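Below is one structure, written out as structure tokens; comments come after it.
2 protein chains.
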Amino acid sequence: MARRSDHSREQIKQMALLAGENIVAEYGSTALTARRLASHIGYTVGSLYLVFENLDDVTLQVNARTLDKLSFELDQVVAKQAEPNQCISQLGRAYIQFASNNSHLWNMVFEHRQNENENIPEWYQERINSLFERVELQFGKLIPGQSAQQNALAARALWSGVHGNCVLALTGKLDVVGVENVEKTSDLLIDNFLAGWVSTHQ
Amino acid sequence: MARRSDHSREQIKQMALLAGENIVAEYGSTALTARRLASHIGYTVGSLYLVFENLDDVTLQVNARTLDKLSFELDQVVAKQAEPNQCISQLGRAYIQFASNNSHLWNMVFEHRQNENENIPEWYQERINSLFERVELQFGKLIPGQSAQQNALAARALWSGVHGNCVLALTGKLDVVGVENVEKTSDLLIDNFLAGWVSTHQ
DNA sequence: ACCTGAACACCGTTCAAGT
DNA sequence: ACCTGAACACCGTTCAAGT
């Protein structure tokens, strides 16, 4: 057992988040229990409640890390693609790849249902918005002169759509198997949406 | 306490499913526990395991009812709309309305993650497919002569998209509030997809 | 001051025992 | 034959007590 002052509060927090990430990545979100987490970092359950509000807080913070990793991946794509049409397509591919490569962690992000009486924390909402911004930016390039609001709406419409393809496919509900098939429906969605968008907006 | 032969196995099952539906509708999926369910129908926990495999089985069967209710709503829409373009739009609206009016039940359908070692039961998958079929049918009308496979793909691409808009919006992740705004992004998705689809396929 | 670990009020699931 | 309810192995969360 770790004893007083072996680690700072911040160190314990980071250890716990890393352990949480590993547990979820390997065994899925249901394996993320207080007792397991505590034993992984060499402390007892009680200590977790000194650094986190509760387990939901841990979940949210592990999810934040997952969203950060996803943002990083998407940025790599944006850096490589100049043409907005192509870029949006590649962002879709990257999203699906990420979801499929990190299925347990990615699942936890979208499994999580906020308690009805409390709202999503602001810092968490901002991380989600920042993901959408990467797509909005491409819509801005696609047809210059559109209002920011219209681009935001289009990005949300299309990107939620890609997300929907991803969830249903990866949870087996689309009755298609393998990443290739999600890519197929997602590409179809993106290509047709963009074709429609371009033809009606210029 | 109910005693022997008060109800048949089938009656107990139906009572439990109805009680489960009410519990979830009112208090959300986390409230669906074996003890609560048992006490609602006047039996003890043990009895539940005589008529269901486990709690997951109960969840799946309550979900099946929810999917049936959704199918019914969608059929009403199809019956009223002759023009496929309009019909697909109205199906989207009906989907969002259903999700928003039955948020707890609808949430449970998509919260549920199948155990990794066992697949979705066939009877359950068929219910999902039957939902997609309603959209496929409209794609068949939209541009006659397309292969069934292409219509199935298009229906899955677009409908998963509408679903994605719905989940993200209703779980507060889209940063938009109210049903009106989901309808806005969903309409946008449908309209542009269809415009793209029609323009590239004739 | 920091951390423990027992306690509380819950879970899902099983199965010997009662009627 | 049908159903119970105690038992088992878990949960999340709290907080008096120990070092």
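So the protein sequences, as listed, match chains A and B. Using the numbering used here, the first residue of the first sequence is number 992, and each one after it goes up by one. Using the numbering used here, the first residue of the second sequence is number 992, and each one after it goes up by one. Using N, Cα and C, we set each Cβ at its ideal position, and we do this for glycine too. Just so you know, these numbers come straight off a predicted model, no measurement behind them.
- Taking a Cβ-Cβ cut-off of 7 Å, A/Gly-1131 has no neighbours in chain B, whose nearest Cβ is about 16 Å from it.
- Using a Cβ-Cβ distance cut-off of 8 Å, the segment 1145-1165 of chain B and the segment 1150-1158 of chain A are in contact, since at least three pairs of beta carbons, one from each stretch, lie closer than that value.
- Taking a C-beta cut-off of 7 Å against chain B, the contacting residues of the segment 1090-1104 of chain A are Asn-1098, Glu-1102 and Arg-1104, listed in chain order.
- Annotation: B/Thr-1191 to A/Gln-1067 spans about 31 Å, alpha carbon to alpha carbon.
- The C-beta of A/Thr-1024 comes no closer than 8 Å to any C-beta of chain B.
- For B/Phe-1063, the number of other beta carbons within 10 angstroms of its own is below 16, and it is reported as exposed.
- Per DSSP, the unbroken alpha helix (DSSP H) holding A/His-1095 starts and ends at 1094-1102.
- Excluding sequence positions up to five before and after A/Gly-1011, its CB lies within less than 7 Å of the CB of Leu-1023, Leu-1028, Val-1049 and Val-1053, all in the same chain and listed in chain order.
- When the Cα atoms are used, B/Cys-1078 and A/Ala-1007 turn out to be separated by approximately 51 Å.
- Neighbours of B/Phe-1184 across chain A, judged by C-beta separation under 7 Å: Leu-1180, Asn-1183, Phe-1184 and Gly-1187.
- Apart from sequence neighbours up to five positions away, no residue of its chain approaches A/Glu-1001 with a beta-carbon distance below 6 Å.
- For A/Ala-1022, no alpha helix (DSSP H) encloses it, and the DSSP letter there is neither H nor E.
- Chain-order list of chain B residues neighbouring A/Gly-1163: Gln-1105, Asn-1110, Ile-1111 and Gln-1116, by C-beta distance under 9 Å.
- One Cα belongs to B/Lys-1132, the other to B/Val-1069, and the distance between them is close to 12 Å.
- In this structure, B/Leu-1180 sits away from A/Phe-1101, with a CB-CB distance that is not shorter than 8 Å.
- For A/Glu-1107, the three-state secondary structure derived from DSSP is coil.
- From the beta-carbon of A/Asn-1013, no residue of chain B is found nearer than 8 Å; the closest lies around 18 Å away.
- Look at the segment 1129-1179 of chain A and you find these whole runs of alpha helix (DSSP H), each 4 residues long or longer: 1139-1161.
- Annotated three-state conformation of B/Tyr-1034 is coil, per DSSP.
- Counting other Cβ atoms within 10 Å of its Cβ, B/Ala-1160 reaches 16 or more and is therefore classed as buried.
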